[in-house]
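Chemist: Let me begin by handing over the structure; questions about it come next.
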Ligand SMILES: C[S@@+](CC[C@H](N)C(=O)[O-])C[C@H]1O[C@@H](n2cnc3c(N)ncnc32)[C@H](O)[C@@H]1O
């Protein structure tokens, strides 16, 4: 494949693009990690064979381009039972506590195509908690939410998903929870039952419910410390007393003052509980 | 927080681990740069490179988390499954975007972002490996005014990666293992 010699955008150009997008649309990317965001924008320029001027033009003048841009900028890589030992930790450290709540509302913030939501549903079902649970999956990216709602995934992905699931220390088989059809698989109806997916932007939207459990994994890494602070505050206000907050493998609350209002439940997997 | 003003990058894949250990053993007690290393590894095996090396070398060998400040005298290893990036405020960030050359972490991603932030205070080494990761990164380091060094394919256990990078970067510096180790022995 011939490689295009394309020029690299600068941080200044990145900032101009972010400002323009913020002005003409509701999408605010100003709190995203700069280098990561810059690579995402660069990728779109290379894909579309555009330069910065073309991109700015498209943002202002091409219908649907703003949404396209947001959907391409966000990184949606996900798996069922990603980090199997995290789910083990949920079973051991979190579910026994959740059991004591009469009703459970859970929120997966930045849920991408929904695999994390269905993994949670399965874990809850196996602990006999799912019938009194409701899981909200939210994301800023409208495309991934469509996939999440359908709950249909390429069958070939289930090889990894099953490996992950088996590594969570279960004696069941993931195939109990989906139906294969040709080269796709759909999550079974009883697992899909108590979930709702909707669009929510962590950078600009507000509290919409009260939760006993929030999982926000591999999302905060895309945000700078200031935006992280906003999101932690949002989560704090959205959590009920003694509610849980679970972050991704590389994410931490240590850089933030709000940390003092939480207890560390599991250090390795960044599981926190609201205590104040 | 005291941040490193210089950064030394190392990218290695298959066949690079032994040399990386030799490099780190040669380091002086104290240096002011930070060292950031990407070595391709399989996320499904939890390797304990950082722990093993911390004990062996009796110094800080860390897998940076998100927004870790880049500090002097520390050796950072990109963790498995995540790209490692340098941010303009001299912190690391991580992301799970697409694999580059089948790799996450990818050498190109670290080299590209570090080159841009550290410019002429960035030195990058590309070592043995079996794929094409790193060649673009080497070019970016040079473009941004940094110094880029490729392990001599004669010394590399698997020459694909250095050979490819040399082809893609005609005027790059090529060092043999002794020259590489001696650079690190004299690191300040
Ligand atoms: C890498 S995925 C993580 C998926 C899943 N939580 C996991 O760990 O596998 C990150 C998700 O965060 C979403 N995201 C990015 N910015 C967001 C924002 N401002 N508000 C809500 N979601 C956002 C992206 O669209 C993407 O789907």
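Chains as they are written, first to last, in full-length UniProt numbering: chain A, 1 to 276; chain B, 1 to 188. Ideal Cβ positions, reconstructed from N, Cα and C, are used throughout, including at glycine.
1. DSSP on residue 182 (chain B), reduced to helix/strand/coil?
2. Return the CA-CA distance between residue 100 (chain B) and residue 13 (chain B), expressed in angstroms with no decimal places.
3. Just the chain B side, please: which residues come within less than 8 Å of residue 218 (chain A) by C-beta, in chain order?
4. Look at the alpha carbon of residue 257 (chain A) and the alpha carbon of residue 104 (chain A), and state the distance between them as a whole number of angstroms.
5. At what residues does the alpha helix (DSSP H) containing residue 98 (chain B) begin and finish?
6. Hey, out of A:127, A:75, A:259 and A:272, whose CA is closest to residue 141 (chain A)'s CA?
7. For residue 125 (chain A) and residue 65 (chain B), what's the separation of their Cα atoms in angstroms?
8. Going along chain B, which residues have a C-beta under 7 Å from residue 222 (chain A)?
9. Measure from the C-beta of residue 48 (chain A) to each C-beta in chain B and report whether the shortest distance is under 9 Å.
10. Would you identify the three-state DSSP class for residue 28 (chain B), choosing helix, strand or coil?
11. Where do the N-terminal and C-terminal ends of the alpha helix (DSSP H) with residue 63 (chain A) fall, by residue?
12. According to DSSP, which residues form a beta bridge with residue 69 (chain B)?
13. Chain B partners of residue 225 (chain A), CB-CB under 8 Å?
14. What are the start and end residues of the alpha helix (DSSP H) that includes residue 126 (chain A)?
15. Could you tell me how far apart the beta carbons of residue 187 (chain B) and residue 150 (chain B) are, in whole angstroms, since I believe they sit closer than 8 Å?
16. Does any residue of chain B bring its CB to less than 9 Å from the CB of residue 11 (chain A)?
17. Excluding five sequence neighbours on each side, which residues of the same chain lie with their C-beta closer than 6 Å to the C-beta of residue 136 (chain B)?
18. If we define contact as Cβ-Cβ less than 9 Å, is residue 266 (chain A) a contact residue for chain B?
19. Which two residues bound the contiguous alpha helix (DSSP H) that contains residue 225 (chain A)?
20. Would you decide whether residue 96 (chain B) is buried or exposed? Buried here means 16 or more other CB atoms lie within 10 Å of its CB.
21. My output table needs one value for residue 182 (chain A): the three-state DSSP class, helix, strand or coil.
22. Count the CB pairs spanning the stretch 83-92 of chain B and the stretch 57-72 of chain B that are closer than 8 Å, and state whether there are at least three.
23. Are the C-beta atoms of residue 4 (chain A) and some chain B residue less than 9 Å apart?
24. May I ask you to report which of helix, strand or coil DSSP gives residue 139 (chain A)?
25. Under 8 Å from any heavy atom of ligand 1, does the C-beta of residue 116 (chain B) make it?
26. Report back the beta-carbon spacing between residue 120 (chain A) and residue 197 (chain A) to the nearest angstrom; my notes put them in contact at under 8 Å.
27. Sort out for me which residues DSSP pairs residue 227 (chain B) with in a bridge.
28. I'd like the list of long-range same chain contacts for residue 60 (chain A), defined as Cβ closer than 8 Å, with 5 residues on each side in sequence excluded.
Modeler: Per the coordinate set shown:
1. Mapped onto the second chain, residue 182 (chain B) falls at position 182. Three-state DSSP puts residue 182 (chain B) in a helix.
2. Here residue 100 (chain B) corresponds to residue number 100 of the second chain, with the count starting at 1. Here residue 13 (chain B) corresponds to residue number 13 of the second chain, with the count starting at 1. Each residue's alpha carbon lies about 13 Å from the other.
3. Taking the first residue of the first chain as 1, we reach residue 218 (chain A) at position 218. Residues of chain B passing the Cβ test: 96.
4. Translated into positions along the first chain, residue 257 (chain A) becomes position 257. Translated into positions along the first chain, residue 104 (chain A) becomes position 104. Looking at the two C-alpha atoms, the distance is approximately 28 Å.
5. Mapped onto the second chain, residue 98 (chain B) falls at position 98. That residue, residue 98 (chain B), is in no alpha helix (DSSP H); it is neither H nor E in DSSP.
6. Along the first chain, one-based indexing puts residue 141 (chain A) at 141. Checked all of A:127, A:75, A:259 and A:272; the closest Cα to residue 141 (chain A) is A:75.
7. In the first chain, residue 125 (chain A) corresponds to position 125, counting from 1. In the second chain, residue 65 (chain B) corresponds to position 65, counting from 1. Taking the straight line joining both Cα atoms gives about 33 Å.
8. For the purposes of this step, residue 222 (chain A) is taken as the residue at position 222 of the first chain. Within 7 Å Cβ-Cβ: 95.
9. Position 48 of the first chain holds residue 48 (chain A). Look at residue 48 (chain A): its C-beta is not under 9 Å from any C-beta on chain B.
10. Stepping through the second chain from its first residue, residue 28 (chain B) is reached at position 28. Reduced to three states, the DSSP call for residue 28 (chain B) is coil.
11. Taking the first chain and counting its residues from 1, the one referred to as residue 63 (chain A) is at position 63. Note, residue 63 (chain A): premise wrong, no alpha helix (DSSP H); not H, not E.
12. To locate residue 69 (chain B), count along the second chain from 1; it is residue 69. Paired residue(s): B:91.
13. Here residue 225 (chain A) refers to the residue found at position 225 when the first chain is read from its first residue. Those are 67, listed as they occur along chain B.
14. Here residue 126 (chain A) corresponds to residue number 126 of the first chain, with the count starting at 1. First-last of the alpha helix (DSSP H) with residue 126 (chain A): 115-126.
15. As a position in the second chain, residue 187 (chain B) is number 187, starting the count at 1. As a position in the second chain, residue 150 (chain B) is number 150, starting the count at 1. Under the criterion of beta carbons closer than 8 Å, residue 187 (chain B) and residue 150 (chain B) do not qualify as touching, at roughly 18 Å.
16. Along the first chain, read from residue 1 onward, the residue named residue 11 (chain A) stands at position 11. Yes, because at least one Cβ of chain B sits closer than 9 Å to the Cβ of residue 11 (chain A).
17. Taking the second chain and counting its residues from 1, one reaches residue 136 (chain B) at position 136. 108.
18. Taking the first chain and counting its residues from 1, one reaches residue 266 (chain A) at position 266. It does not; no Cβ of chain B falls within 9 Å.
19. For the purposes of this step, residue 225 (chain A) is identified with residue 225 of the first chain, where counting begins at 1. Its alpha helix (DSSP H) spans residues 225-238.
20. Your numbering for residue 96 (chain B) matches position 96 in the second chain. Buried.
21. Taking the first chain and counting its residues from 1, one reaches residue 182 (chain A) at position 182. In the three-state reduction of the DSSP assignment, residue 182 (chain A) falls in the coil class.
22. Output reads yes: the stretch 57-72 of chain B touches the stretch 83-92 of chain B.
23. Reading the first chain from its first residue, position 4 is the one you call residue 4 (chain A). Only weak support exists for where residue 4 (chain A) lies, its pLDDT of 47 falling under 50; the coordinates are left without a value.
24. Along the first chain, one-based indexing puts residue 139 (chain A) at 139. Residue state, collapsed to three classes: strand.
25. Here residue 116 (chain B) corresponds to residue number 116 of the second chain, with the count starting at 1. Outside the cutoff, so no.
26. In the first chain, the residue the question calls residue 120 (chain A) occupies position 120. In the first chain, the residue the question calls residue 197 (chain A) occupies position 197. Not quite, the Cβ-Cβ distance comes to about 13 Å (not below 8 Å), so this is no contact.
27. There is no way to answer for residue 227 (chain B), as the model of chain B reaches only from 1 to 188.
28. The residue labelled residue 60 (chain A) in the question sits at position 60 within the first chain. Contacts found: 20 and 24.
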